[in-house]
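A.B. asks: So that we are looking at the same thing, I have put the structure below in structure tokens.
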């Protein structure tokens, strides 16, 4: 691996600062987490976007959340075809190995992946339609959501599609037999959230109103 | 999506705490990030493990890092077959849309995914060998690393395999044409790190010594 | 410009060292910053004093802070008279062109400019009173702060005046219409800091206590 | 000063990290600098631009450089009219109080202030022409440089103007009687540099060739 390069000096400096402060003050907890294993209460599926910090908005400590982050916080449908499925592997590990009690799907505003899906499905992004586009193929997961948004014709179709991304993921989660069994057996609870990162707002999906409601 | 449930009260309470403090004091920055878009300098690929917080060890602000987290911080080889590839989509988005200058692959100690791979490749985890095991199939990515570790026969084969997971990912990253082009054109730099979460230690891969060295 | 002379050799040597190491390892980031422009999150107004390094105490990377440094970190009041106003130009550029989210005024201990102001206002520095003294006239900006300190008669009047320099600058910032508008519109946040360079300490102004409090 | 707000938590965390490491390891030097005063060998006049870190490219320690940073690294001509002149005050303090041996004017590539000047002088930026534009009025200092560039009609007029900004500042420095006296008395040396931040290159002005030459 000849291409690896030294870390920028400011990151090394920041790491040593963290070690001398946060680590030093919490060493007992970090060591216990290392020795007795992680026991996270929840899995969070959120976007890679640099503006979304679930650990920040929920004041999370090390050890609390098992966090999978991918483009547009999507979960594909259950498809055990023997190929690589990173998201499905993360869900399987969280539910069957760690036994998390919650899965939270956290969508957000100004999502570039969702916008790409909207452009593609509207015919305005031919490059994303190509077979070789990983982003385009990944956003195919959201096509059923795009169809629903088009039918509903909401005022702000991008925000609507961001919220559909949460719902599609929750629906796809239920196609995994081990997820469905855990939910039906009351060992697992699912939650759908949407975060307006600019306004600092959080909405959760309420099935009784079929809508996202501010928390 | 009838299965969605309200968020636990303690998380709602924490969110309101975050909103009244961190958000209130940084509203201007969050709004600007929302309005003018993210410009992260680096993509970080780390594990879902609840003990790994890259934002914490590097004192990161919102907007600094585009973060993909999956089981065992793995990148599969380039394979544009039109199927869902969440990790490849994240890498493609980071490199071609955001133009990040760094990709950091961050491995860690006590990695459950790596241990599963070790057990599976050693013949001690038949369930992971099954076609229907998402974790098993995902950890197949690390099989070349397992072979190298077996040959080297190090004192601590699990730690060695955790570090191999970083190297395999870096190698696979170089199979993506847009990654290779950006690296060769000096628009992108790759870094391999391994974090001992219990000891609060950080090592980086040094190609000249073919080893991970404490920072 | 016949008076220009070659750079001292030790600086040329250091530059080549930086180029062979830091630049080489971060070339991708430096190039991206050059090509896609700067997006600093904050403006810092600090003193020219050689002992004050904001990039060091905040582990800053290239691209993070837009930094204006002048004698005693002062901002004059808004005065659009068509003359040269370097500080006002820097503030205007940061707020209206770059849209920074924070302005941090960073004062410090043992400030020579502040001491000059104290001596001058106490009648002990007649040379600074002269019209031709650029330092004296510049420190006139701090005269309202001197009057407040004299009335309060604190134990350490120089430290008190150094902190007043921060407050006077923050007050003067609010006289700029584009600063006030951005603050009132929650697009900009102001912060007042004072750094004890010898003790390695940092205090921030807390309006609720009307005092500087250690961070 | 009711508008002051608490510092973002990540900056406080980074500061504590710096204090626990860099400060702890260099406490003796920081304390000596505080107690026996600064004795910087050089004054550097550079731009506020977040991509220009003179302390980084010259591996500077605390105490080495007295640094004034303003928009486009400009020095106005000598004009002791009793008004606020922040740049002139910084030069006066460096030369007459600190007795620096060098003044380095450091220009750079992609300078937003220089581009604004070019647009304004070419008639493409009417807003910068207004009396109330602090940036426009500040960039008036560079008008003589614009005229020279227009006459020379170089291939890259923006780069040429960035270099003219260095020369105009050096020329204006020589209009200050205490600068001229120190230069003529061999107590002070002037240097003109231009930094290509993306390419990591540094050029210095060579009067014998009337050109900027790579160091």
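Protein chains in written order, with my numbering: chain G, 206 to 420; chain P, 206 to 420; chain V, 206 to 420; chain Z, 206 to 420.
Idealized CB from N, CA, C, for every residue including glycine.
All values derive from a computational prediction rather than experimental measurement.
(1) With a cut-off of 8 Å, does the C-beta of residue 165 (chain V) fall near any C-beta of chain G?
(2) I believe residue 214 (chain P) touches residue 397 (chain G) by the beta-carbon criterion, under 8 Å. Please report the beta-carbon distance rounded to the nearest angstrom.
(3) What is the C-beta distance between residue 298 (chain Z) and residue 403 (chain V), in whole angstroms, given that I count them as a contact (C-beta under 8 Å)?
(4) Take the Cβ of residue 207 (chain Z) as the centre, count every other Cβ of all protein chains shown within 10 Å, and call the residue buried at 16 or more, exposed below.
(5) Starting from residue 241 (chain V) and walking both ways along the alpha helix (DSSP H), at which residues does that stretch end?
(6) Under a Cβ-count criterion, where at least 16 other Cβ atoms within 10 Å of its own Cβ denotes burial, should residue 195 (chain P) be classed as buried or exposed?
(7) Just tell me which of P:323, P:232, P:257 and P:305 has its CA closest to the CA of residue 236 (chain V).
(8) Near residue 387 (chain Z), which residues of its chain fall below 7 Å by C-beta distance, leaving aside the five closest residues on each side in sequence?
(9) Against residue 391 (chain V), what residues of chain P qualify as contacts under a CB-to-CB distance less than 7 Å, listed in chain order?
(10) Would you kindly work out how many angstroms separate the C-alpha atoms of residue 322 (chain V) and residue 352 (chain V), rounded to a whole number?
(11) Could you tell me the distance, in whole angstroms, from the CA atom of residue 216 (chain Z) to the CA atom of residue 256 (chain G)?
(12) Let me know the alpha helix (DSSP H) ranges lying completely inside the region 269-330 of chain Z, each 4 residues or longer, listed in chain order.
(13) Residue 286 (chain V): buried (16+ other C-beta within 10 angstroms of its C-beta) or exposed?
(14) Could you please give me the residues that DSSP links to residue 423 (chain P) through a beta bridge?
(15) Under the rule that 16 or more other beta-carbon atoms within 10 Å means buried, what is residue 329 (chain V), buried or exposed?
(16) Are the beta-carbon atoms of residue 279 (chain V) and residue 363 (chain V) separated by less than 8 Å?
(17) Do the region 222-235 of chain G and the region 257-270 of chain P make contact, defined as three or more Cβ pairs closer than 8 Å?
(18) Between which residues of its own chain and residue 302 (chain G) is the CB-CB distance below 8 Å, once the five residues before and five after are set aside?
(19) Mind checking which residues open and close the alpha helix (DSSP H) that includes residue 407 (chain P)?
(20) Along chain P, in chain order, which residues have C-beta atoms closer than 9 Å to that of residue 306 (chain V)?
(21) With a 10 Å radius around its C-beta and 16 neighbouring C-beta atoms as the bar for buried, classify residue 409 (chain Z) as buried or exposed.
(22) How is residue 402 (chain P) classed by DSSP in three states: helix, strand or coil?
(23) Does the separation of the CB atoms of residue 311 (chain G) and residue 249 (chain G) fall below 8 Å?
(24) So with CB distances below 8 Å, who are the chain P contacts of residue 394 (chain V)?
(25) Using CA atoms only, rank isn't needed, just tell me which of V:355, V:238 and V:246 is closest to residue 395 (chain V).
(26) Would you say residue 241 (chain V) lies against chain P (beta-carbon separation less than 8 Å)?
(27) Cα-Cα, which of G:342, G:316, G:336 and G:390 is closest to residue 369 (chain G)?
(28) Between the C-alpha atoms of residue 326 (chain V) and residue 282 (chain V), what's the straight-line distance to the nearest angstrom?
(29) Cutting at 7 Å between CB atoms, please list the residues of its own chain near residue 269 (chain Z), excluding the five before and the five after it.
(30) Counting contacts by CB-CB distance shorter than 8 Å, is residue 356 (chain P) in contact with chain G?
(31) From this set, Z:419, Z:378, Z:253 and Z:291, which residue's C-alpha is nearest residue 271 (chain V)'s C-alpha?
(32) Counting contacts by CB-CB distance shorter than 8 Å, is residue 365 (chain Z) in contact with chain V?
(33) Considering only their Cβ atoms, is the gap separating residue 350 (chain V) from residue 375 (chain V) smaller than 8 Å?
(34) Under the rule that 16 or more other beta-carbon atoms within 10 Å means buried, what is residue 336 (chain P), buried or exposed?
(35) At a CB-CB cut-off below 8 Å, which residues of chain G make contact with residue 256 (chain P)?
(36) I need the DSSP call for residue 397 (chain V), collapsed to helix, strand or coil.
C.D. replies: Taking the structure as given:
(1) Here chain V comprises residues numbered 206 to 420, so residue 165 (chain V) is not present and cannot be evaluated.
(2) Position 9 of the second chain, counted from the first residue, corresponds to residue 214 (chain P). Position 192 of the first chain, counted from the first residue, corresponds to residue 397 (chain G). Not a contact, Cβ separation roughly 17 Å.
(3) Residue numbering aside, residue 298 (chain Z) sits at position 93 when the fourth chain is read from its first letter. Residue numbering aside, residue 403 (chain V) sits at position 198 when the third chain is read from its first letter. The Cβ separation is near 20 Å, so there is no contact.
(4) The residue given as residue 207 (chain Z) occupies position 2 in the fourth chain. Classification of residue 207 (chain Z): exposed, given that the 10 Å Cβ count is below 16.
(5) Translated into the one-based positions of the third chain, residue 241 (chain V) becomes position 36. Counting along the chain, the alpha helix (DSSP H) containing residue 241 (chain V) begins and ends at 229-241.
(6) As shown, chain P starts at 206 and ends at 420. That puts residue 195 (chain P) outside it, with no answer to give.
(7) By one-based count along the third chain, residue 236 (chain V) stands at place 31. The shortest Cα separation from residue 236 (chain V) among P:323, P:232, P:257 and P:305 belongs to P:305.
(8) On the fourth chain, position 182 is the one that residue 387 (chain Z) refers to. Taken in chain order, the residues that qualify are 300 and 393.
(9) The residue labelled residue 391 (chain V) in the question sits at position 186 within the third chain. Near residue 391 (chain V) (Cβ distances below 7 Å), the residues of chain P are 232, 233 and 236.
(10) Taking the third chain and counting its residues from 1, the one referred to as residue 322 (chain V) is at position 117. Taking the third chain and counting its residues from 1, the one referred to as residue 352 (chain V) is at position 147. In a straight line, the C-alpha of residue 322 (chain V) is about 11 Å away from that of residue 352 (chain V).
(11) The residue you call residue 216 (chain Z) lines up with position 11 of the fourth chain. The residue you call residue 256 (chain G) lines up with position 51 of the first chain. Looking at the two C-alpha atoms, the distance is approximately 17 Å.
(12) 291-297 and 317-326
(13) Here residue 286 (chain V) refers to the residue found at position 81 when the third chain is read from its first residue. Result: exposed.
(14) Given a span of 206 to 420 for chain P in the structure shown, any question on residue 423 (chain P) remains unanswerable.
(15) Here residue 329 (chain V) is taken as the residue at index 124 of the third chain, counted from 1. Result: exposed.
(16) Sequence index remark: in the third chain, residue 279 (chain V) carries index 74 (1-based). Sequence index remark: in the third chain, residue 363 (chain V) carries index 158 (1-based). Result no, Cβ atoms of residue 279 (chain V) and residue 363 (chain V) do not sit closer than 8 Å.
(17) yes
(18) As a working note, residue 302 (chain G) is residue 97 in the first chain. Cβ neighbours of residue 302 (chain G) beyond the five flanking positions: none.
(19) Counted from its first residue, the second chain places residue 407 (chain P) at position 202. That residue, residue 407 (chain P), is in no alpha helix (DSSP H); its beta strand (DSSP E) goes 406-411.
(20) Sequence index remark: in the third chain, residue 306 (chain V) carries index 101 (1-based). Simply 231, 232, 233, 234, 235, 236, 237 and 238.
(21) Here residue 409 (chain Z) refers to the residue found at position 204 of the fourth chain. Label assigned to residue 409 (chain Z): buried.
(22) The sequence position of residue 402 (chain P) within the second chain is 197, counting from 1. Three-state DSSP puts residue 402 (chain P) in coil, outside helix and strand.
(23) Locating residue 311 (chain G) in the first chain gives position 106, where the first residue counts as 1. Locating residue 249 (chain G) in the first chain gives position 44, where the first residue counts as 1. For residue 311 (chain G) and residue 249 (chain G), yes; Cβs fall inside 8 Å.
(24) Taking the third chain and counting its residues from 1, one reaches residue 394 (chain V) at position 189. Ordered by position in chain P, the residues that pass the 8 Å Cβ test against residue 394 (chain V) are 230, 231, 232, 233 and 234.
(25) Taking the first residue of the third chain as position 1, residue 395 (chain V) is located at position 190. Closest by alpha carbon: V:246.
(26) For the purposes of this step, residue 241 (chain V) is taken as residue 36 along the third chain, with counting starting at 1. Cβ-Cβ to chain P under 8 Å: yes for residue 241 (chain V).
(27) Taking the first residue of the first chain as 1, we reach residue 369 (chain G) at position 164. Nearest option by C-alpha distance: G:316.
(28) Taking the first residue of the third chain as 1, we reach residue 326 (chain V) at position 121. Taking the first residue of the third chain as 1, we reach residue 282 (chain V) at position 77. Taking the straight line from one Cα to the other gives about 19 Å.
(29) By one-based count along the fourth chain, residue 269 (chain Z) stands at place 64. 245 and 246.
(30) Start at 1 with the first residue of the second chain, and residue 356 (chain P) comes out as number 151. No, residue 356 (chain P) lies away from the interface with chain G (no Cβ there is under 8 Å from its Cβ).
(31) Position 66 of the third chain, counted from the first residue, corresponds to residue 271 (chain V). Residue Z:253 is the option with its Cα nearest to residue 271 (chain V).
(32) Residue mapping note: residue 365 (chain Z) aligns to position 160 of the fourth chain, counting from 1. So no, residue 365 (chain Z) is outside the interface.
(33) Taking the third chain and counting its residues from 1, the one referred to as residue 375 (chain V) is at position 170. Taking the third chain and counting its residues from 1, the one referred to as residue 350 (chain V) is at position 145. No, the pair does not count as a contact, with Cβ atoms beyond the cut-off.
(34) Numbered from its first residue, the second chain carries residue 336 (chain P) at position 131. Exposed, by the Cβ-count rule.
(35) Here residue 256 (chain P) refers to the residue found at position 51 when the second chain is read from its first residue. The answer, in chain order, is 235, 238, 239, 243, 267 and 268.
(36) Position 192 of the third chain, counting from 1, holds the residue named residue 397 (chain V). Three-state result, residue 397 (chain V): strand.
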